[in-house]
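Residue numbers (the numbering used here): 6 to 490.
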Amino acid sequence: MPFIDMRQFIDVLQSQGDLKVVEGADWDLEIGTITELACQKEAHAMVFDKIKGYPAGYRIAVNLLSTHRRALLASGLPQGLRGLEIVKAWKERLKKYKPVPPRKVSEGPLFENVFKDEQVNLWKLPSPKWNEKDGGRYLGTGCMVITKDPDEGWVNMAPYRVMVHDEKTTGLYIAAAHHGRVMMEKYHARGQDAPVAVAFGQEVATYIASTYPLPWGQSEYEFAGFLRGEPVEVVEGPVTGIPIPATAEIAMEGFVPPQSKETRIEGPFGEWPGYYAHGAMPEPVVHVKALYHRDDPIIFGAPPRRPPYPFDLAGRGAIRAAQVWEEMERAGVTGVKGVYKLESGGIHFITAVSVKQLHQGHANWVASAAASVKTGAPLTRIVIVVDEDIDPSNIYDVMWAVATRCDPEEAVQIVKGVWSNELDPMISPEKKAKHDYTTSRIIINACRPYRWMNDFPPVVDASPEIKKKTLEKWASLFEGVPKQA
Ligand SMILES: Cc1cc2nc3c(=O)[nH]c(=O)nc-3n(C[C@H](O)[C@H](O)[C@H](O)COP(=O)(O)O)c2cc1C
């Protein structure tokens with residue numbers, strides 16, 4: 006059975022001893038710093054209540070999905086999976102994908118508290134200032150921004166950050182080419198303000214689905230229904246007509262004017278690459294026309310973290326890798342044995358692919374395909390292709406292959422002018438001034454050279470058979486070792 010809403014998931018974590026309620030913390034940096042430390046230490050998930058200056062019940066939940074245990078629970082996958090196993094589990098799942106459309110309902114707990122027009126006051130909610138250099142308080146981190154295409158009518162849903170400007174206005178940062186932005190710009194091209202709804206706290210599988218970059222035209226609501234095994238129940242937003250999850254904790258509806266008409270300074274904000282690279286820049290605003298929340302509402306906070314720490318979903322890179330792998334197979338690329346997004350690069354910068362080399366040029370083909378398919382292309386700076394005996398999810402294995410199977414003069418290529426964005430710390434001030442958000446990519450072929458791979462020196466490692474036999478015979482030698490400090 007899927008979870009009904011976020012609070013049911015929180016209750017389950019609490020009953021399993023994996024959640025702490027924290028009282029009396031300050032929205033101004035204290036909650037952000039506790040969240041960061043708890044994430045880095047793989048501590049409990051946390052719900053902040055009685056936040057300084059706010060009445061009891063106005064809560065923030067953090068790190069709900071930031072350990073593998075909690076992420077697998079929310080994803081409906083077996084406990085204990087790690088690395089490439091998680092990628093394979095997602096890949097199997099994706100193969101079976103069938104859209105499950107949302108189900109319209111006429112009401113939901115979201116409307117327990119309704120504020121329209123003059124009644125809207127976003128400061129009622131305890132939006133945190135997460136990091137020291139943030140330019141404001143961010144209500145939307147683990148949120149879902151919901152937009153409807155004006156031509157095709159389909160609904161997109163993705164987390165894009167939402168900063169509170171004042172009682173009735175927020176900022177909204179959406180990177181180029183993201184579907185929410187493409188949709189918004191379509192309204193603007195017609196001289197219209199773009200309607201938008203944002204949910205801040207939602208059932209966890211629906212949230213996971215919203216973070217997933219589906220192809221244009223496919224709604225994350227349908228993907229959420231597939232992940233849940235049941236449709237998401239949605240209510241039509243009274244102001245915009247946009248469907249909003251009926252069990253969301255908090256939601257707002259409003260309109261985004263064209264940037265030629267209005268922008269406000271948004272950021273800086275602590276971003277997923279581990280920097281404040283976007284800085285303070287003019288970005289679109291949302292004029293909020295309605296705010297809804299449940300009794301005792303819970304904001305889902307997922308402030309980005311410097312890699313390798315997962316800020317919202319442990320193993321998010323695995324989902325992305327599964328999607329890249331799937332897309333490569335659909336494109337006819339053969340011999341791929343594993344794909345992984347190495348954690349040091351967040352979910353974007355570093356892709357490792359393992360391949361069983363079948364012909365000359367095979368490894369380079371696989372590497373360039375991994376960086377060309379839709380989900381592999383954005384912000385991929387380093388692609389490393391390794392042989393099938395290397396686990397691409399093990400950074401030590403991968404770097405061993407780079408060190409020992411790669412002569413840079415022959416095995417390294419640089420591709421110029423590839424897709425990046427404002428959050429990339431390597432975009433120089435000069436490029437920023439020209440709105441040039443491209444960088445280069447390195448492809449490292451760390452496979453044994455195909456021409457002489459049969460003459461390549463053998464690897465020093467006892468075979469699995471000898472290891473197994475030896476372990477069986479000498480098992481007692483490996484038991485009772487005192488825990489090392
Ligand atoms: C917690 C979180 C916060 C995010 N914040 C932003 C953001 O502020 N702006 C943005 O453009 N993308 C952001 N993203 C990335 C997009 O949500 C993600 O790439 C999504 O798949 C884009 O979907 P789309 O192609 O439907 O737009 C964020 C992702 C996560 C998981």
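We treat Cβ as the ideally placed atom computed from N, Cα and C, and that holds for glycine.
Option nearest V244 by Cα separation, candidates K121, T174, A327:
As a position in the sequence shown, residue 244 is number 239, starting the count at 1. Comparing Cα positions, the closest option is K121.
Go through its chain and collect everything with a Cβ distance to M189's Cβ below 8 Å, but skip five positions before and after it.
For the purposes of this step, residue 189 is identified with residue 184 of the sequence shown, where counting begins at 1. Excluding residues up to 5 positions away in sequence, T152, I179, A199, V201, V261, P289 lie with their Cβ nearer than 8 Å to the Cβ of M189 in the same chain.
Suppose you measure from the CA of P236 to the CA of G381; what does that come to, to the nearest Å?
Indexing the sequence shown from 1 puts residue 236 at position 231. Indexing the sequence shown from 1 puts residue 381 at position 376. One C-alpha to the other measures close to 29 Å.
With a CB to CB cut of under 8 Å and the five nearest residues on each side skipped, what residues in its chain are close to H298?
The residue you call residue 298 lines up with position 293 of the sequence shown. Closer than 8 Å at Cβ, skipping near neighbours: L115, E117, N118, L130, E254, I255, A256.
Work out the CA separation of G340 and V52 for me, nearest whole Å.
Residue numbering aside, residue 52 sits at position 47 when the sequence shown is read from its first letter. Residue numbering aside, residue 340 sits at position 335 when the sequence shown is read from its first letter. Approximately 46 Å between the Cα atoms of the pair.
Where P413 falls, given that 16 or more other Cβ within 10 Å makes a residue buried
Taking the sequence shown and counting its residues from 1, one reaches residue 413 at position 408. Classification for P413: exposed.
Cβ of T385 within 7 Å of any heavy atom in ligand 1?
The residue given as residue 385 occupies position 380 in the sequence shown. Flag unset: Cβ of T385 not near ligand 1.
Own chain residues within Cβ distance below 6 Å of W424, not counting five before or after
Walking along the sequence shown from the start, residue 424 turns up at place 419. Result list for W424: A382, P383, in chain order.
Between which two residues does the beta strand (DSSP E) harbouring W2 extend?
Since the displayed the chain opens at 6 and closes at 490, residue 2 lies outside it and no answer follows.
For the alpha helix (DSSP H) that G37 lies in, which residues bound it at each end?
In the sequence shown, residue 37 corresponds to position 32, counting from 1. From DSSP, the alpha helix (DSSP H) with G37 extends over 35-45.
In the structure shown, what three-state DSSP assignment does V92 receive?
Residue 92 sits at position 87 when you count from the first residue of the sequence shown. Helix at V92.
Test item: CB-CB of K96 and E393 under 8 Å:
For the purposes of this step, residue 96 is identified with residue 91 of the sequence shown, where counting begins at 1. For the purposes of this step, residue 393 is identified with residue 388 of the sequence shown, where counting begins at 1. Their beta carbons are not under 8 Å apart, which means K96 does not touch E393 by this criterion.
Using three-state DSSP, classify V378 as helix, strand or coil.
Locating residue 378 in the sequence shown gives position 373, counting from the first residue. Annotated three-state conformation of V378 is coil, per DSSP.
Determine contact between the stretch 98-109 and the stretch 221-234, defined as no fewer than three beta-carbon pairs at a distance below 8 Å.
yes
Can you give me the C-alpha to C-alpha distance between T174 and G272, rounded to a whole angstrom?
Your numbering for residue 174 matches position 169 in the sequence shown. Your numbering for residue 272 matches position 267 in the sequence shown. Cα-Cα distance, rounded: 15 Å.
Residues in its own chain within less than 8 Å of L210 by CB, not counting five upstream and five downstream?
If you number the sequence shown from 1, residue 210 lands on position 205. According to the sequence shown, residue 210 is Ala rather than Leu. For A210, where only same-chain residues beyond five positions count, the Cβ hits under 8 Å are P7, F8, A79, S80, G81, A229, L232, R233.
Is T1 a contact residue of ligand 1, with contact defined as CB to any heavy atom under 7 Å?
There is simply no residue 1 to check, as the chain begins at 6 and stops at 490 in what is shown.
Euclidean distance between Cα positions of D301 and D16
Residue mapping note: residue 301 aligns to position 296 of the sequence shown, counting from 1. Residue mapping note: residue 16 aligns to position 11 of the sequence shown, counting from 1. Their Cα atoms are separated by approximately 14 Å.
Using only the alpha-carbon positions, how far apart do W135 and T40 sit?
As a first step, residue 135 must be located in the sequence shown, where it is residue number 130. As a first step, residue 40 must be located in the sequence shown, where it is residue number 35. Computed Cα separation, rounded: 9 Å.
Once the 5 residues before and after E241 are set aside, which same chain residues still bring their CB inside 7 Å of it?
The residue you call residue 241 lines up with position 236 of the sequence shown. Excluding the 5 residues flanking it on each side, E241 has same chain C-beta neighbours closer than 7 Å at K109, P248, in chain order.
Near ligand 1: I432 beta-carbon under 7 Å from a heavy atom:
For this step, residue 432 is matched to residue 427 along the sequence shown. Outside the cutoff, so no.
What first and last residue would you give for the beta strand (DSSP E) that runs through T268?
Counting from 1 along the sequence shown, the entry for residue 268 is found at position 263. First-last for T268: undefined, no H or E at that position.
If you draw a straight line from the C-alpha of A323 to the C-alpha of G58, how long is it?
For the purposes of this step, residue 323 is taken as the residue at position 318 of the sequence shown. For the purposes of this step, residue 58 is taken as the residue at position 53 of the sequence shown. Looking at the two C-alpha atoms, the distance is approximately 39 Å.
Just list the residues that DSSP pairs P278 with in beta bridges.
Stepping through the sequence shown from its first residue, residue 278 is reached at position 273. DSSP output for P278 lists no bridge partner at all.
Grab the span of the beta strand (DSSP E) containing F53 for me, first residue to last.
Position 48 of the sequence shown, counted from the first residue, corresponds to residue 53. Segment 50-54, the beta strand (DSSP E) holding F53.
Following a CB-centred definition, is N136 positioned closer than 7 Å to any heavy atom of ligand 1?
As a first step, residue 136 is located in the sequence shown; it is residue number 131 there, counting from the start. The answer is no for N136.
Tell me whether G185, by its Cβ, gets closer than 7 Å to a heavy atom of ligand 1.
To locate residue 185, count along the sequence shown from 1; it is residue 180. It does: the Cβ of G185 is within 7 Å (strictly closer) of some heavy atom of ligand 1.
Under a three-way DSSP split, which group does T559 fall into?
Any property of residue 559 remains undetermined from this structure, which presents the chain solely from 6 to 490.
Ligand 1 heavy atom lying under 7 Å from the CB of W402:
As a first step, residue 402 is located in the sequence shown; it is residue number 397 there, counting from the start. Reading off the sequence shown, one finds Asp at residue 402, where the question assumed Trp. No, since every heavy atom of ligand 1 falls outside the 7 Å radius drawn around the Cβ of D402.
Taking the alpha-carbon positions, what's the P454 to V329 distance?
As a position in the sequence shown, residue 454 is number 449, starting the count at 1. As a position in the sequence shown, residue 329 is number 324, starting the count at 1. Looking at the two C-alpha atoms, the distance is approximately 25 Å.
Could you give the C-beta distance for A30 and I36, rounded to a whole number, given that I count them as a contact under 8 Å?
Counting from one through the sequence shown, the residue named residue 30 turns up at place 25. Counting from one through the sequence shown, the residue named residue 36 turns up at place 31. Yes, A30 and I36 are in contact; Cβ-Cβ is about 5 Å, under 8 Å.
Is I179 near ligand 1, judged by its Cβ being under 7 Å from some heavy atom?
Counted from its first residue, the sequence shown places residue 179 at position 174. True, at least one ligand heavy atom lies under 7 Å from that Cβ.
Close beta carbons around A307, own chain, < 7 Å, minus the five adjacent residues each side:
Here residue 307 is taken as the residue at index 302 of the sequence shown, counted from 1. So the qualifying residues of the chain are T146, G147, F316, D317.
Going by beta-carbon coordinates alone, are L177 and A282 separated by less than 8 Å?
As a working mapping, residue 177 is identified with position 172 in the sequence shown. As a working mapping, residue 282 is identified with position 277 in the sequence shown. No.
Excluding five sequence neighbours on each side, which residues of the same chain lie with their C-beta closer than 8 Å to the C-beta of G366?
What you label residue 366 is simply residue 361 of the sequence shown in a count that begins at 1. Result list for G366: Y455, in chain order.
Please report the distance separating the alpha-carbon of K346 from that of R321.
For the purposes of this step, residue 346 is taken as residue 341 along the sequence shown, with counting starting at 1. For the purposes of this step, residue 321 is taken as residue 316 along the sequence shown, with counting starting at 1. Roughly 9 Å separates the two Cα atoms.
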